[in-house]
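Q: Can you read through this structure? Questions will come right after.
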Amino acid sequence: MTNTSMSTREKVEKSMVRRRAAEKRFRVYGMASVLFGLLCLVGLFGDIINKGASAFRQTVIQTEILIDADYLGINKKADDQEIRNADFEGLIKQHFKKLVQPEGRSERRMLYSMISAGAAWQLQEAVMLNPSLLGQTMSINLIADDDVDQWFKHDRGTELHNNRMNETQVKWLEQWIEQGMLKTQFNTLFFVNGDSREPELAGIRGAITGTFLTLLVTFLLSFPIGVAAAIYLEEFAPRNKITEFVEININNLAAVPSITFGLLGLAIFINIFGVARSTPLIGGLVLTLMTLPTIIISGRAAIKAVPPSIREAAFGLGASKMQVVFHHVLPLALPGMLTGTIIGMAQALGETAPLLMIGMVAFVVDVPGFVNDPSTVLPVQIFLWSDSPERAFMERTSGAIMVLLGFLVTMNTAAVMLRRRLERRW
Amino acid sequence: MSIIENHKTNGAAFCENPKLKARDVGVFYGEKQAIFDVSLDIGANEVIALIGPSGCGKSTFLRCLNRMNDTIDICQIRGEILLDGENIYDPKVDVVPLRARVGMVFQKPNPFPKSIYDNVAYGPRIHGLAHSRVDLDEIVEKSLQRAGLWNEVKDRLHSPGTGLSGGQQQRLCIARTIAVDPEVILMDEPCSALDPIATAKIEELIDELRENYTIAIVTHSMQQAARVSQRTAYFHLGQLIEVNPTDQVFTTPQHTLTEAYITGRFG
Chain X
1 MTNTSMSTRE
11 KVEKSMVRRR
21 AAEKRFRVYG
31 MASVLFGLLC
41 LVGLFGDIIN
51 KGASAFRQTV
61 IQTEILIDAD
71 YLGINKKADD
81 QEIRNADFEG
91 LIKQHFKKLV
101 QPEGRSERRM
111 LYSMISAGAA
121 WQLQEAVMLN
131 PSLLGQTMSI
141 NLIADDDVDQ
151 WFKHDRGTEL
161 HNNRMNETQV
171 KWLEQWIEQG
181 MLKTQFNTLF
191 FVNGDSREPE
201 LAGIRGAITG
211 TFLTLLVTFL
221 LSFPIGVAAA
231 IYLEEFAPRN
241 KITEFVEINI
251 NNLAAVPSIT
261 FGLLGLAIFI
271 NIFGVARSTP
281 LIGGLVLTLM
291 TLPTIIISGR
301 AAIKAVPPSI
311 REAAFGLGAS
321 KMQVVFHHVL
331 PLALPGMLTG
341 TIIGMAQALG
351 ETAPLLMIGM
361 VAFVVDVPGF
371 VNDPSTVLPV
381 QIFLWSDSPE
391 RAFMERTSGA
401 IMVLLGFLVT
411 MNTAAVMLRR
421 RLERRW
Chain F
1 MSIIENHKTN
11 GAAFCENPKL
21 KARDVGVFYG
31 EKQAIFDVSL
41 DIGANEVIAL
51 IGPSGCGKST
61 FLRCLNRMND
71 TIDICQIRGE
81 ILLDGENIYD
91 PKVDVVPLRA
101 RVGMVFQKPN
111 PFPKSIYDNV
121 AYGPRIHGLA
131 HSRVDLDEIV
141 EKSLQRAGLW
151 NEVKDRLHSP
161 GTGLSGGQQQ
171 RLCIARTIAV
181 DPEVILMDEP
191 CSALDPIATA
201 KIEELIDELR
211 ENYTIAIVTH
221 SMQQAARVSQ
231 RTAYFHLGQL
241 IEVNPTDQVF
251 TTPQHTLTEA
261 YITGRFG
């Protein structure tokens, strides 16, 4: 019996070895998990930024073009309608024909395909803004076609079969580069245009506006309803079978796959109530269904976290139930409620699946003006672009993801700051 | 130790000019009975101390006096409690004005997370006691003065009440309670979270407040009971064992349980 000969102190010392080892092991596990998480995050951001950063640059062809009034058939007094009808596309084609001297029809077609359809609009707009340009030579950065854009940004110098430019086109492009005509500039169109079939003209403004309007509807509906429900359930509802049933179902709703809410929205809001599909209104309604449980649950948790001593103090002074709730409980619970709401809204911001069900996956070019205009939202736009065959849409997909992540980070930061400010009030 | 069968409260449970009269009060938490047939008078302008070991029901009884137990769903109360002859458990009585008449100070100082001024002004505001800003300022100043806090806080009325020390916070809570001008003040171990100096100040204050208010105080400190109260009620396992003038309870207790408690044999 050697054990009995050991003193208590020796036993404690012996057990310390094991305990210290356990503590060390746990620290290592913890650090490994954190490191893994960080690596994933860095990998994700790195990949997206790597792929998407080039979406913010657009290749343009800088050229001196004569705005030939005779060719266009308009004079300086022409009104907007006349300018709109004028053949700027032909003018550009003519200009480049003179510049490059293509031989035969197929070369001409190759040449024309290198300039974006948007170039004609650029020229048109410039003339509309300043009709005195007519008959003069102006220097303008014309948008290049997405294939040229991709070649210039990524493929220059690689094997020809890797890209969509052929030998002749590359010859011209190299010429232009020599003359300093080809360059990249900040891709403003990406932020001011709606969606387009032409990648170089496609932008996210429609999607961003749609997202904003959809989230506005979601917030205006889900915040008051969620907070009211949380307050009622927590403070006023009698504890009985019915409230218990309601509580269980709110928790269940939070776990329902989001596409189900899309089906529900389709069946009820669109088919029964006849809300127009593909609008921020219906999107907001569906996302409200999805966000409500989050807001109610976090709202109730925030109300529960208010110290009972504050309630007692107010009751003890003769405050009525309403006064206790609205003067004391709600102000203290509000930071928590806001955090829950913003988390719910951030969820809604990134939500795609339910919106597919209600037609927000449609190809919409126009920027929506109000909640009843057809529109799409940022995540659905990303989904649409990621499905497009053009290579230029790939970088635009990543670019749009970066914008979406930017919004998410901004929202979360706003949540944290708002909460700090509200909490610091006392 | 168990509940005494057919117990009759020893001593003088009733007095000449009662402000509050409790008659056969029983309190149940669900199935469990916490208080058994307590009958007790609380006289006008007196301080009555409720003492007894932990879990004896003294706090529960105190909270019956302004119906604070209403907020606990499973709590049921039998018997009647009369404030100036009117049963406060009558279905027609609204608890809101009742609690304005019977104020309460809690064990842990619990100022609102608002400014000192707003803490004191809250009661008068919700009850509409002040007709103007000047009126309200006056009530706040008077209440803080009565609570002996005015000189310490008059320069920082708009800083948070939670920034005060524990003792100051408790006096702020007392000021907040007297700002609604109640008739009775209930104090539930008001000094248990305070140091001896802060305690001494509150005790002094209680003595001064007696002129205008009726005070019932629950305390674990027998010295405190002896110092501040005129009558002392001893509770044991939900029964009111003995009520007598304070000096008598501490010198010649009638009941053996009272004697055992005050001599420190249990508690």
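Residue numbers (full-length UniProt numbering), protein chains in the order written: chain X, 1 to 426; chain F, 1 to 267.
Ideal placement from N, C-alpha and C gives every residue a C-beta, glycine not left out.
Please read all numbers here as calculations on a predicted model, not as lab measurements.
Cutting at 6 Å between CB atoms, please list the residues of its own chain near L123(X), excluding the five before and the five after it.
A: The answer, listed in chain order, is F88.
Q: Below 7 Å CB to CB, which residues in the same chain sit around T219(F) once its five sequence neighbours on both sides are set aside?
A: Closer than 7 Å at Cβ, skipping near neighbours: A49, I51, E189 and A225.
Q: Can you tell me whether T252(F) is buried or exposed, with buried defined as 16 or more other CB within 10 angstroms of its CB?
A: Label assigned to T252(F): exposed.
Q: Taking Cβ to Cβ, would you say V38(F) is nearer than 7 Å to A22(F)?
A: For V38(F) and A22(F), yes; Cβs fall inside 7 Å.
Q: Straight-line CA distance for Q175(X) to T63(X)?
A: Using only the alpha carbons, I get a separation of about 13 Å.
Q: Could you pull out every residue in the same chain whose Cβ sits closer than 7 Å to the Cβ of D149(X), ignoring the five residues on either side in sequence?
A: Counting only Cβ-Cβ distances below 7 Å, and skipping sequence neighbours, we find Q58, T59, E200 and A392.
Q: Tell me whether the beta-carbon of V127(X) lies closer than 7 Å to the beta-carbon of L111(X).
A: Cβ distance not < 7 Å, so V127(X) and L111(X) don't count as in contact.
Q: Should A400(X) be labelled buried (16 or more other beta-carbon atoms within 10 Å of its own) or exposed?
A: That one is buried.
Q: So if I threshold CB-CB distances at 7 Å, which residues from the region 108 to 136 of chain X count as touching chain B?
A: The question asks about chain B, but that chain is absent: this structure's protein chains are X and F.
Q: Please report the distance separating the alpha-carbon of A100(F) from that of A319(X).
A: Looking at the two C-alpha atoms, the distance is approximately 9 Å.
Q: In the DSSP assignment, find the beta strand (DSSP E) that holds F28(F) and state where it starts and stops.
A: Here the beta strand (DSSP E) through F28(F) covers P18 to Y29.
Q: Does I99(F) get closer than 7 Å to chain X when you measure Cβ to Cβ?
A: Inspection of the sequence shows that residue 99(F) is occupied by Arg rather than by Ile. At least one chain X Cβ lies under 7 Å of R99(F).
Q: Measuring only between beta-carbons, confirm whether G123(F) sits less than 7 Å from chain X.
A: So, interface residue.
Q: Am I right that K108(F) and A193(F) are in contact with their C-beta atoms under 8 Å? What's the rounded C-beta distance?
A: Contact flag correct, Cβ pair sits at about 5 Å.
Q: Can you name the residues of chain X whose CB is closer than 8 Å to the CB of D135(F)?
A: What D135(F) touches in chain X: nothing, since even the nearest Cβ is about 18 Å away.
Q: So if I threshold CB-CB distances at 7 Å, which residues from the region 297 to 325 of chain X count as touching chain F?
A: Residues passing the 7 Å Cβ filter: S309, I310, E312, A313, F315, G316, L317, G318, A319, S320 and Q323.
Q: Report the residue ranges of all beta strand (DSSP E) runs contained in full by the region 138 to 219 of chain F; include only those spanning at least 3 residues, in chain order.
A: Whole beta strand (DSSP E) segments, 3+ residues: 184 to 188 and 214 to 218.
Q: Buried or exposed: where does G157(X) fall if 16 or more other Cβ atoms within 10 Å of its Cβ makes it buried?
A: Exposed, because fewer than 16 other Cβ atoms sit within 10 Å of the Cβ of G157(X).
Q: Rounded to the nearest angstrom, how far is the Cβ of Q381(X) from that of A119(X), given a contact under 8 Å?
A: 24 Å between Cβ atoms; not a contact.
Q: Who are the neighbours of T71(F) on chain X, taking C-beta pairs under 7 Å?
A: Here the neighbours are F315.
Q: Determine, using beta carbons only, whether T112(F) and G238(F) come nearer to each other than 7 Å.
A: Position check: residue 112(F) holds Phe in this sequence, whereas Thr was assumed. For F112(F) and G238(F), no; Cβs fall outside 7 Å.
Q: Can you say whether P97(F) is buried or exposed, counting buried as having 16 or more other CB atoms within 10 angstroms of its CB?
A: Exposed is the call here.
Q: Compare the C-alpha of E395(X) against each of G37(X), K51(X) and S7(X) and name the closest.
A: Residue K51(X) is the option with its Cα nearest to E395(X).
Q: Tell me which residue opens and which closes the alpha helix (DSSP H) that E13(X) is part of.
A: Here the alpha helix (DSSP H) through E13(X) covers T8 to G52.
Q: Against I239(X), what residues of chain F qualify as contacts under a CB-to-CB distance less than 9 Å, listed in chain order?
A: Per the sequence shown, residue 239(X) should be read as Arg rather than Ile. Under the 9 Å cutoff, chain F gives D73.
Q: Do you know offhand how far P102(X)'s Cα is from I65(X)'s?
A: Approximately 18 Å between the Cα atoms of the pair.
Q: In terms of alpha-carbon separation, which member of L289(X), K93(X), I61(X) and T184(X) lies closest to L72(X)?
A: Ranking L289(X), K93(X), I61(X) and T184(X) by Cα distance to L72(X) puts K93(X) first.
Q: Could you check what DSSP says for M104(F) in three-state terms: helix, strand or coil?
A: Three-state result, M104(F): strand.
Q: Return the residues of the region 323 to 354 of chain X that lie within a Cβ-Cβ distance of less than 9 Å from chain F, sorted by chain order.
A: Correct list: Q323, H327, H328, P331 and L332.
Q: In the DSSP assignment, what are the bridge partners of P257(X)?
A: None, per the DSSP bridge assignment.
Q: Return the bridge partner residues of N244(F) from the DSSP annotation.
A: T232(F).
Q: Pairs of beta-carbons, one from the region 250 to 260 of chain X and one from the region 325 to 340 of chain X, closer than 8 Å: are there three or more?
A: No, the region 250 to 260 of chain X is not in contact with the region 325 to 340 of chain X.
Q: What does V180(F) touch in chain X if you count any residue whose Cβ is under 8 Å from its own?
A: Neighbours of V180(F) on chain X, chain order: L317 and G318.
Q: Between which residues of its own chain and P293(X) is the CB-CB distance below 7 Å, once the five residues before and five after are set aside?
A: The residues are I250, L253 and A254.
Q: What are the boundary residues of the alpha helix (DSSP H) that S309(X) is part of?
A: P308 to G316 is the span of the alpha helix (DSSP H), which, as asked, contains S309(X).
Q: Can the beta-carbon of T246(F) be found closer than 7 Å to that of S221(F)?
A: It is not a contact, given that the beta carbons lie outside the stated cut-off.
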